[in-house]
Amino acid sequence: MSLSACGGHAERTGNKVAHHTGDSQHSPLGAYSAQSISGDYAGYASLEQFIGEMVDKHGFERDYLNGLFSEAQRKNWTLNYLAKSDQAMKRGPSVGGWTRYRGKFLDKHHITGGVEFAYNYRSALQRASQEYGVPEEYILGILAVETIFGGNVGSHRVLDALTTLSFDYTRRGEYFRSELEDYLLMTRNEGLDPAEPIGSFAGAMGLGQFMPSSFLQFAVDFNNDGRRDLWDPEDAIGSIANYFAQHGWKPGQPVVSPLTARGKVKLEPGISKQYTLAEIEQAGLHSTHPYDTNGPLHLLLLRHAGHDQYLIGYPNFYTITRYNHSTYYAMAVHEVAQAIKQLL
């Protein structure tokens, strides 16, 4: 989830984000004030504790946050969706899972959209590739898979999404509370009303779907207009390239290579396991296009409708998974990137 906001004097329609001038470091935007929390999150002791921490650690006004969170709405759809998703994760990859997943992204809409976007923003893509060492097609692959180049940046208020997941989603509540903390810091720093930005059901924002923590660490002002705005295509391009570079992208190195299997494969696949090329070959897997690279290798398993496919995932593949910790996600980015590159 991978996953941003903006500041300065402008107004963008379509993402419901207003920008303002001035130093907002200690002046969060929005006329919010209440002595206690009302609405969907009234009586949540965990939220009251969180507000106390934001007051003590970061100097927010308690009445301001009470008023802001009185506006937050619980997203029951999100909670139901994640409950089903968590159950599916426990079952592991199913036969044909890769075929179904791949079909969502390897289509004309994503690929021709990538070609058009590449022509419209060729200068920014070339500059990002030169500055960060990340090939243009992989920046495009992320933009395609995440939002179809801004065509689907989400429809949920980030405040609602992060509040719901922070205080009603037990499995990852701690993670989302950290993101909510960063979101409040981000909106204060960038001069945003925290009730305005719109993103995914999990709180990811902009063309590249950055989470607030990623925004704080990796977002860049790539168009040099004085603000970081990940709804702006150029800032999104530079920020994705910077994200890859900071997560270890190795220029000129491969991403994946296919394997042929002899007999039953006993090695465990997945990005959590690391192997040497010798270990992979000793397990009965032969690389048809071996590359001499430094760093650990990963055994990847793609479950097609009619067969299973094994590949080597190189360190650059692992870098893509830092955006979303999923083999299928990273393979979709890779295959979309290659499909777009062939048409450029």
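Using the numbering used here, you'd call the opening residue of the sequence shown number 899 and step up by one each time. Glycine is no exception: its CB is placed at the ideal position from the N, C-alpha and C atoms.
Residue i in three-state terms, based on DSSP
{"i": "Phe967", "result": "helix"}
{"i": "Thr1158", "result": "strand"}
{"i": "Gln923", "result": "With a pLDDT of 47 at Gln923, under the threshold of 50, the predicted position of this residue should be treated as unreliable, and no value is reported."}
{"i": "Gln1207", "result": "strand"}
{"i": "Arg1125", "result": "coil"}
{"i": "Phe1120", "result": "coil"}
{"i": "Met1109", "result": "coil"}
{"i": "His1223", "result": "coil"}
{"i": "Arg1069", "result": "helix"}
{"i": "Leu1242", "result": "coil"}
{"i": "Leu1060", "result": "helix"}
{"i": "Tyr1189", "result": "coil"}
{"i": "Gly1097", "result": "strand"}
{"i": "Tyr942", "result": "coil"}
{"i": "His1145", "result": "coil"}
{"i": "His1008", "result": "helix"}
{"i": "Leu1038", "result": "helix"}
{"i": "Tyr930", "result": "coil"}
{"i": "Leu1183", "result": "strand"}
{"i": "Arg1000", "result": "helix"}
{"i": "Arg1201", "result": "strand"}
{"i": "Leu1195", "result": "strand"}
{"i": "Gly994", "result": "coil"}
{"i": "Arg1055", "result": "strand"}
{"i": "Tyr1019", "result": "coil"}
{"i": "Tyr1173", "result": "strand"}
Own chain partners of residue i with C-beta closer than 7 angstroms, once the 5 adjacent residues on each side are dropped
{"i": "Pro1033", "result": "Ser1027"}
{"i": "Asn1121", "result": "Asp1130, Glu1132 and Asp1133"}
{"i": "Thr1045", "result": "Val1051, Leu1105 and Gln1107"}
{"i": "Leu1078", "result": "Leu1060, Thr1061 and Ser1064"}
{"i": "Leu977", "result": "Thr1062, Asp1066 and Tyr1067"}
Exposure label - residue i; buried when at least 16 CB within 10 Å
{"i": "Pro1194", "result": "exposed"}
{"i": "Trp975", "result": "exposed"}
{"i": "Ala1176", "result": "exposed"}
{"i": "Arg1020", "result": "exposed"}
{"i": "Lys1164", "result": "exposed"}
{"i": "Tyr1017", "result": "exposed"}
{"i": "Gly1246", "result": "A query on residue 1246 cannot be resolved here, the shown segment of the chain reaching from 899 to 1242 and no further."}
{"i": "Ala993", "result": "Checking the sequence, you will find Val at residue 993 rather than Ala. When all chains shown are included, Val993 counts as exposed."}
{"i": "Arg1055", "result": "buried"}
{"i": "Ala1022", "result": "buried"}
{"i": "Leu1183", "result": "buried"}
{"i": "Leu966", "result": "buried"}
{"i": "Gly1161", "result": "exposed"}
{"i": "Glu1245", "result": "Residue 1245 lies beyond the range of the chain shown here (899 to 1242); nothing can be said about it."}
Integer Cβ distance of residue i from residue j, believed to fall under 8 angstroms
{"i": "Gly1106", "j": "Leu1060", "result": "The pair is not a contact, with the Cβ atoms about 18 angstroms apart (cut-off 8 angstroms)."}
{"i": "Pro1110", "j": "Leu1057", "result": "That belief does not hold up - the Cβ atoms of Pro1110 and Leu1057 are roughly 11 angstroms apart, past 8 angstroms."}
{"i": "Leu927", "j": "Ile949", "result": "So it is not a contact: roughly 18 angstroms between Cβ atoms."}
{"i": "Val1234", "j": "Ile1009", "result": "7 angstroms"}
{"i": "Leu1004", "j": "Ala1181", "result": "So it is not a contact: roughly 29 angstroms between Cβ atoms."}
{"i": "Leu1227", "j": "Val1043", "result": "According to the sequence provided, residue 1227 is Tyr. The question's Leu does not apply to it. About 7 angstroms separates the two Cβ atoms, so the contact holds."}
{"i": "Thr1062", "j": "Arg972", "result": "5 angstroms"}
{"i": "Tyr1216", "j": "Leu1197", "result": "The Cβ separation is near 12 angstroms, so there is no contact."}
{"i": "His956", "j": "Leu1083", "result": "6 angstroms"}
Pair within 9 angstroms by beta-carbon distance, residue i and residue j
{"i": "Gly1052", "j": "Ile1096", "result": "yes"}
{"i": "His1232", "j": "Ile1210", "result": "no"}
{"i": "Gln1151", "j": "Thr1186", "result": "no"}
{"i": "Arg1086", "j": "Phe958", "result": "yes"}
{"i": "Lys1002", "j": "Ala1203", "result": "no"}
{"i": "Phe1099", "j": "Tyr979", "result": "yes"}
{"i": "Pro862", "j": "Leu1199", "result": "No answer is possible for residue 862: it lies beyond the span of the chain, which begins at 899 and ends at 1242."}
{"i": "Gly1146", "j": "Arg1220", "result": "yes"}
{"i": "Ser931", "j": "Asp954", "result": "no"}
{"i": "Tyr1208", "j": "Ala1143", "result": "no"}
{"i": "Ser983", "j": "Tyr939", "result": "no"}
{"i": "Ala970", "j": "Gly1011", "result": "no"}
{"i": "Pro1188", "j": "Lys1148", "result": "no"}
{"i": "Leu1242", "j": "Glu1029", "result": "no"}
{"i": "Glu951", "j": "Ile935", "result": "no"}
{"i": "Thr1225", "j": "Ile1169", "result": "yes"}
Own chain, CB closer than 8 angstroms to residue i, minus 5 neighbours either side, in chain order
{"i": "Val1118", "result": "Arg1126, Asp1133, Gly1136, Ser1137 and Asn1140"}
{"i": "Leu1128", "result": "Ser902, Ala903, Cys904, Met1103, Gly1104, Leu1105, Gly1106, Phe1108, Phe1113, Ala1117, Ala1134 and Ser1137"}
{"i": "Tyr942", "result": "Ile935 and Phe1065"}
{"i": "Arg1070", "result": "Leu1063"}
{"i": "Tyr999", "result": "Tyr1226 and Ala1230"}
Residue i Cβ short of 8 angstroms to the ligand ATP heavy atom set
{"i": "Thr997", "result": "The ligand content of the structure shown is nil, which means the ligand ATP is not present either."}
Sequence-distant residues of the same chain with beta carbon closer than 6 angstroms to residue i, five excluded per side
{"i": "Gly1048", "result": "Leu1105"}
{"i": "Arg1201", "result": "Pro991, Val993, Gly995 and Trp996"}
{"i": "Phe1015", "result": "Phe1047"}
{"i": "Ala981", "result": "none"}
Neighbour flag for residue i against chain D, beta carbons, 9 angstroms
{"i": "Tyr1226", "result": "Protein chains in the displayed structure number just one, and chain D is not present."}
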